[in-house]
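Worksheet: the structure to be examined is printed underneath.
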């Protein structure tokens, strides 16, 4: 199931723990400063071990986790979740951000089509009246 080693590359662990779909994406994220190990910015080849603390930023979400295990292979999601433990503060903060994003997206209207000729004429009229 989960192979127990002493150390592993950071980018390979992020891929195995299913934070990123490919190792290339994991490497890019670490190089771009989206992943911090024990509060410090590191390189993708940095070795990690159990007990290390990672801060991973993906979009507007931030994960603060503690490494529980290492795995050389990418396993199913259920097994990958056993490789880390997210802190309670991190879970609470992510839920609050998700609620905030959901509340703000309710007010945003999105049309699934391009404006028709009639719509474009109304837009032009509106812009002309506003600029005067």
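Numbering (the working numbering), first residue to last: 692 to 823.
Idealized CB from N, CA, C, for every residue including glycine.
Here the alpha carbons of residue 744 and residue 715 stand approximately 22 Å from one another.
Residue 816 and residue 803 have their C-alpha atoms roughly 23 Å apart. Beyond the five residues adjoining it in sequence on each side, residue 733 comes within less than 8 Å, by CB distance, of 701, 721, 726 and 727 in the same chain, given in chain order. When rounded, the separation of the alpha-carbon atoms in residue 710 and residue 756 is 11 Å.
Within the same chain, Cβ atoms closer than 8 Å to the Cβ of residue 780 are found at 755, the five residues on either side in sequence being excluded. The beta-bridge partner set that DSSP reports for residue 726 consists of 747. For residue 777, there is no enclosing alpha helix (DSSP H); the enclosing beta strand (DSSP E) covers residues 775-777. Residue 808 has its alpha-carbon roughly 17 Å from the corresponding atom of residue 819. Burial is judged here by how many other beta carbons sit within 10 angstroms of a residue's own beta carbon; residue 718 has at least 16 and is buried. Rounded to the nearest angstrom, the gap between the Cα atoms of residue 747 and residue 795 is 24 Å.
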